[in-house]
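Enquirer: Following this note's numbering, the numbering of the sequence shown begins with -14 at its first residue and continues without gaps.
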Amino acid sequence: MNLVPEIVAIDTEMRDWRHRLHANPETAFEEEATSRFVAERLRAFGLDVHAGIAKTGVVGVLRNGASNASIGLRADLDALHIHEQSGVPHTSRNAGRMHACGHDGHTTMLLAAAKALAARRNFTGTLHFIFQPAEENEGGGRVMVEEGLFDRFPMRAVYGLHNWPRLPAGTFAMRAGPLMGAYDVFEIVATGKGAHAAMAYQGKDPMLFAAHAISALQTIVSRNLHPQDAGVVSVTQVHAGDTWNVIPEQVVLRGTVRTFDTGVQDLIEQRMRALVDGIAAMFEMRATIRYERRYPATVNSPEETDRARRAADAVVGERNVDTNPMPEMTSEDFAFMLQKKPGCYVWLGAGRGADTPNLHNPHYDFNDGVLAIGASYWVKLAEQELPVTP
Ligand SMILES: [Zn+2]
Ligand SMILES: [Zn+2]
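Written as structure tokens, this is what we have:
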């Protein structure tokens, strides 16, 4: 392990920041106190601070030397709507809200990197420290891009990081191409004709539609996709009926689709519409489908992935960096930034053995043991990308 000394020196301070953030979680676009916490510290480190981007987003700018070179490093501020059950001393004080995805740790590591880089001044160019709101569900990263993030703060490339409890602490994983999936949601409403359940012949039973549709939707991946292409279709909600002896008028199905490739995404949506229309026709009823594309796939550019790998190698050593991990169909709104700029999103191993609670679990707590590893990665990456030329 080759940690940055200026990071190691503030390990206790990092833990303190992380615990304060953890105890005071705020959710999408309401990260007011968190945003102030970040802005105050960045100012104290001597950065130019721009707050109020995408409501609660903050960008800290650190310049050194004469070079025009520039990159962005990004963390996320928001917590989730979960009742914490971790039992740690710094448990959430905001009932029903919890830092269960480790964004408290991400924010802390990027703040620590800003402090160390401002002290070391061992780079030339401009560093942009991007603290985005609303990563979970609401696409704060997209809003920042729409509000001109890359016009106001020109940068060549952008880098992101997520702690990954399924990987052991002291490791990194990244890959060129898709690392995480696109996130789509759908809602199907089938309207038949309600009837007495004993006189079913007088109705049009939407329950039959639901039964056939749930099965048929599973044939898209198994019968329409090339076996080497990846996709997930999950029906996660079925709503219909209130009692024993009534055939309901309507059924609502909801769910999610995950893909890595827009061609596959198009194919799934198109097949879904055709199946829904066909099944509705089969049972003589109407069905509508609302299909919404939320987050695109998180796709790393090859050159920046190699740059990220070198920085990770410099911290934890080559044999602790996996450059070909199996991608996951979870998703990430950093994808919107990667659509505009080359860059790389990496997983920072954070596991503490087989029983480590995973992300979004009420027993989860960010592993403080990896704060210095993640923050050192940011420092090494920044100094590697904006080198001081003799
Ligand atoms: Zn999450
Ligand atoms: Zn997260």
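The C-beta atom is built at its ideal place from N, Cα and C for all residues, glycine as well.
1. Name all residues in chain order for which at least one heavy atom of ligand 1 lies closer than 6 Å to the residue's CB.
2. Can you grab the Cα-Cα spacing for the pair Ala167 / Leu323, in whole Å?
3. Identify every residue that forms a DSSP beta bridge with Leu146.
4. Just to confirm the assignment: which complete alpha helix (DSSP H) runs, minimum length 4, are found wholly within the region 106 to 154?
5. Quick one, which of Cys86, Arg28, His181 has its alpha-carbon nearest Asp350's?
6. Could you give the first and the last residue of the continuous beta strand (DSSP E) run that contains Ser219?
7. Using CA coordinates, which residue listed in Ser52, Pro310, Gly125, Val223 is at the minimum distance from Ala60?
8. Does the distance from the CB of Ala367 to the CB of Leu102 come in under 8 Å?
9. Give me the Cα-Cα distance between Met192 and Pro233, rounded to the nearest whole angstrom.
10. Would you mind working out which of His113, Ala339, Thr41, Trp2 sits nearest Leu47, comparing C-alpha positions?
11. At a cut-off of 7 Å, is Asp350 close to ligand 2 when judged by its beta-carbon and the heavy atoms of the ligand?
12. For a test of the three-state rule: what should DSSP assign to Val242, helix, strand or coil?
13. Give the straight-line distance between the Cα atoms of Phe30 and Thr273, rounded to the nearest whole angstrom.
14. Measuring only the C-alpha atoms, how far is Glu131 from Lys178?
15. For the region 150 to 211, list the alpha helix (DSSP H) runs that are entirely contained and at least 4 residues long, ordered along the chain.
16. Bridge partners for Val306 per DSSP, in chain order?
17. Just confirm the distance between the C-beta atoms of Leu96 and Trp229, as a whole number of angstroms; I'd bet it's less than 8 Å.
18. Taking Ala104 as the reference, give the member of Ala293, Asn53, His211, Asn49 with the closest Cα.
19. Return the residue from the list Thr247, Arg141, Trp363, Ile253 that minimises the CA-CA distance to Ser219.
20. When you compare each of Tyr362, Glu269, Phe108, Leu356 to Glu(-2) by their alpha carbons, which one comes out closest?
21. Could you give the DSSP three-state label for Met267: helix, strand or coil?
22. Could you have a look at Glu370 and say whether DSSP puts it in helix, strand or coil?
23. In the DSSP assignment, what are the bridge partners of Ser455?
24. Express the C-alpha separation of Ile67 and Arg21 in angstroms, rounding to a whole number.
25. For Gly336, list the residues DSSP reports as bridge partners.
26. Between the C-alpha atoms of Arg243 and Gly216, what's the straight-line distance to the nearest angstrom?
27. Given this structure, state the Cα-to-Cα distance separating Arg137 from Glu121, to the nearest angstrom.
28. At a cut-off of 7 Å, is Asp61 close to ligand 2 when judged by its beta-carbon and the heavy atoms of the ligand?
29. Check for me: the beta strand (DSSP E) holding His345 runs from which residue to which?
30. Do Thr290 and Met159 have their beta-carbon atoms positioned less than 8 Å apart in this structure?
31. Do the CB positions of Pro150 and Leu344 come within less than 8 Å of each other?
32. Touch check for the region 179 to 190 and the region 261 to 272: three-plus C-beta pairs under 8 Å?
33. Should Val73 be labelled buried (16 or more other beta-carbon atoms within 10 Å of its own) or exposed?
34. DSSP three-state call for Ile358: helix, strand or coil?
35. On the DSSP letters alone, give me the boundaries of the alpha helix (DSSP H) that Ala39 sits inside.
36. Per DSSP, Ile274 is paired with what?
Expert: In brief:
1. Cys86, Glu121, Leu344, His345
2. 13 Å
3. Val331
4. 125 to 131, 134 to 137
5. Cys86
6. 216 to 224
7. Gly125
8. The answer is yes: Cβ separation under 8 Å.
9. 8 Å
10. Checking every option, the nearest Cα to that of Leu47 belongs to His113.
11. no
12. Per DSSP, reduced to three states, the secondary structure at Val242 is strand.
13. 55 Å
14. 45 Å
15. With a minimum length of 4 residues, the unbroken runs of alpha helix (DSSP H) contained wholly in the region 150 to 211 fall at 191 to 204.
16. Phe157
17. With 8 Å as the limit, Leu96 and Trp229 do not qualify as a contact, their Cβ atoms being about 58 Å apart.
18. Asn49
19. Ile253
20. Leu356
21. helix
22. helix
23. With the chain running from -14 to 375 in the structure shown, residue 455 is simply not present.
24. 23 Å
25. Pro153
26. 6 Å
27. 24 Å
28. yes
29. Here His345 belongs to no beta strand (DSSP E), and DSSP marks it neither H nor E.
30. yes
31. yes
32. yes
33. exposed
34. When secondary structure is reduced to three states using DSSP, Ile358 falls in the helix class.
35. Secondary structure note for Ala39: it is in no alpha helix (DSSP H), with a DSSP letter that is neither H nor E.
36. Ile173
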